[in-house]
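Asker: Here you go, one structure.
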């Protein structure tokens, strides 16, 4: 089946007000347009369609919050009522088709309700991770120029309350653009002071709201803007269109995840990230499944059995999370003793993404869970998986270290620096031949030139993923590192991902990171940071010495691996990505900026101290 035939068939499985007659408009590459003459609505496909089909009583959303000891469930009919009324609130504030609305919320059902309410009106939502610093939020306010901002009084972390409203007020003061209104959800653990004439209380507004109908929109009208950090410091507003997103995400639910209507699907992420957009909010609801929203952590809320409790309690069929979540569980409970306390017979599969999955973590999860553990690879820009074992099509042999083969719709290739294809097994730049499939990004908000220059200029005719890797003789793709994490040691190009695999093999190592640091003699040297399993009482210097020797045995002297240190934890974004670039800048003594997405800034102070013991470390801006 050709690409256009595949997506024409998939488009027949969603609701259109006007079905598209054209599948793909290729007249202006790289600005390809799928289903350009169709009209639809994302909220209708997520909610109204299922209620009208007689499935209004089925659970649509399960909310579980161990940090607030709260549980709630919404049927499709109940969720539709909430969304239609909040769409009425937004409409009462003047929000119309094409207007932007920023959603700055914690992991609560109201965040999902706000997103779907925007889609109902044809407005464009831009979710900013709750708790983002005021200056970073202000940058996004100025770029998206929202008519309304939806927020909450606070977010709740395991050890602290994060006041959102003061951060929001400061951001609006900093921003050049001023929203005409804000809707604030009061949470019982933190009050918020409303600004007269601008702010509305969520509950009060909902009490008098009139439900708003769905507004038909063109397939190529934007569904949302999602900001991803750019190398220049200016965030990139990834734009997702409406029709392509509905078609692609609904297709993936069955074909990739093997999830049916009525099944419980849990993406243990946050609505602030692309995973949350695609697989907490939209994908499961387009599919008529039950989605699970979790306000908690994999460990510490209250223990390493948190995920197993949720899976067992709600009959979860598929869990999708980041490898870093499993590394955290494995670190605290290496033997899997907490897992034995729960019945996980409902779980069919585990999917991992967001950070490269080392074989050691994958094999631990396979051993403990006894179900297929699928490492799959995708990006904010693509919106859904580039490579995966597609459980709804065929379960291929699982090869540790590989997210399997390209998903239908993607033509993945490996090119060298000159744009030439490389031989099987040879590392290079991972690219995708155009056109990208439906549901991927169509442009950058207010930055079409940057869209072309950042992603399509280096390799004409291809999307540049920014990742490096190789394809083996069986067509399996191995994503080894970001392109700038392939280091050059005395002329030898080496993958930091391959080195991390070696370090992770040590039985006392819970997780690790390797970054390339500047060296006058060799150009770059690999520097390893090790986090040990809970309960390890051996001397750190012994583990470091064994790790250095193991690297010499597995990679060889060519790696010149001598710099290695044990640290308490690794700096990560809130989505679980390790901040390798920041650590590299610290080690090289280069100016660096505190990342807006960092989970805990204190960790960078600890890392700086550890690097100083090796003779490395600079200062932050």
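Numbering (full-length UniProt numbering), first residue to last: 1 to 621. The beta-carbon is built from N, C-alpha and C at its ideal position, and this holds for glycine as well.
Per DSSP, what are the beta-bridge partners of residue 476 in this structure?
Answerer: According to DSSP, which records beta bridges pairwise, residue 476 is partnered with nothing at all.
Asker: Buried or exposed: which applies to residue 448, given that a residue is buried once 16 or more other Cβ atoms fall within 10 Å of its Cβ?
Answerer: exposed
Asker: Based on DSSP bridge pairs, tell me the residues matched to residue 125.
Answerer: Checking the DSSP bridge columns, you'll see residue 125 partnered with 101, 224.
Asker: Should residue 16 go down as buried or exposed, given a rule of 16 or more other Cβ atoms within 10 Å for buried?
Answerer: buried
Asker: Leaving out five residues before and five after residue 141 in sequence, what residues of the same chain have Cβ atoms less than 8 Å from its Cβ?
Answerer: Its chain contains 102, 149, 171, 172, 175, 177, 179 as the residues whose beta carbon lies nearer than 8 Å to that of residue 141, once the 5 sequence neighbours on both sides are disregarded; these appear in chain order.
Asker: In or out: residue 360 buried (at least 16 other Cβ within 10 Å) or exposed?
Answerer: buried
Asker: Taking the straight line between their C-alpha atoms, what separation do you get for residue 214 and residue 112?
Answerer: 16 Å
Asker: At what residues does the alpha helix (DSSP H) containing residue 455 begin and finish?
Answerer: 448-455
Asker: Around the Cβ of residue 13, are there at least 16 other Cβ atoms within 10 angstroms (buried) or fewer (exposed)?
Answerer: exposed
Asker: What residues in its chain sit with their C-beta under 8 Å from that of residue 588, if we drop five residues either side in the sequence?
Answerer: Hits under 8 Å: 517, 518, 616, 618.
Asker: Using the Cα positions of residue 303 and residue 505, report the straight-line distance between them to the nearest angstrom.
Answerer: 25 Å
Asker: Indicate the three-state DSSP secondary structure (helix, strand or coil) for residue 202 in the structure shown.
Answerer: Residue state, collapsed to three classes: helix.
Asker: Within this structure, are the beta carbons of residue 289 and residue 383 separated by less than 9 Å?
Answerer: In this structure, residue 289 keeps its C-beta atom at 9 Å or more from the C-beta atom of residue 383.
Asker: What does the alpha-carbon distance come out to for the pair residue 230 and residue 309?
Answerer: Caution is warranted here: a pLDDT of 49 is assigned to residue 230, below 50, making its placement in the model unreliable, and the coordinate value is therefore given only provisionally. So the two alpha carbons sit approximately 37 Å from each other.
Asker: Would you say the region 201-217 touches the region 56-76, given that touching needs at least three Cβ pairs under 8 Å?
Answerer: no
Asker: Tell me which residues share the same chain as residue 604 and place their Cβ nearer than 6 Å to its Cβ, disregarding the 5 neighbours each side in the sequence.
Answerer: 571
Asker: What are the residues that DSSP puts in a beta bridge with residue 349?
Answerer: Its beta-bridge partners are 318.
Asker: Whole angstroms are fine: how far does the CA of residue 544 sit from the CA of residue 553?
Answerer: 14 Å
Asker: Straight-line CA distance for residue 452 to residue 235?
Answerer: Using only the alpha carbons, I get a separation of about 16 Å.
Asker: I'd like to know if the region 255-267 and the region 392-399 are in contact, where contact means that at least 3 CB-CB pairs between them fall below 8 Å.
Answerer: yes
Asker: Hey, would you say residue 275 sits closer than 9 Å to residue 320, going by beta carbons?
Answerer: yes
Asker: Output the boundary residues of the beta strand (DSSP E) element that contains residue 293.
Answerer: 290-294
Asker: Distance check for residue 114 and residue 197, CA to CA, integer angstroms please.
Answerer: 21 Å
Asker: Starting from the Cα of residue 67, find the closest Cα among 131, 317, 385, 295 and give me that residue.
Answerer: 295
Asker: For residue 441, which of helix, strand or coil comes out of DSSP?
Answerer: Residue state, collapsed to three classes: strand.
Asker: Would you tell me roughly how many angstroms separate the C-alpha atoms of residue 184 and residue 145, rounded to the nearest one?
Answerer: 18 Å
Asker: Determine the contact status of residue 399 and residue 476, defining contact as a CB-CB distance below 9 Å.
Answerer: yes
Asker: Which residues mark the beginning and the end of the beta strand (DSSP E) in which residue 237 is found?
Answerer: 236-241
Asker: Can you tell me whether residue 590 is helix, strand or coil according to DSSP?
Answerer: coil
Asker: Report the start-end ranges of each beta strand (DSSP E) in the region 143-204 that is 3 residues or longer and not cut off at the edges.
Answerer: 148-152, 154-157, 160-163, 181-185, 199-201
Asker: Which residue's Cα is closest to the Cα of residue 565: 593, 606, 602, 597?
Answerer: 606
Asker: Under a Cβ-count criterion, where at least 16 other Cβ atoms within 10 Å of its own Cβ denotes burial, should residue 573 be classed as buried or exposed?
Answerer: buried
Asker: Quick check on residue 279: does DSSP put it in helix, strand or coil?
Answerer: Taken through DSSP and simplified to helix, strand or coil, residue 279 comes out as helix.
Asker: Going by DSSP, what residues sit across from residue 264 in a beta bridge?
Answerer: 290, 316
Asker: Spatial neighbours of residue 626 within its chain, please: C-beta separation below 7 Å, excluding the five flanking residues on both sides.
Answerer: Since the displayed the chain opens at 1 and closes at 621, residue 626 lies outside it and no answer follows.
Asker: Is residue 283 buried or exposed, if buried means 16 or more other CB atoms sit within 10 Å of its CB?
Answerer: buried
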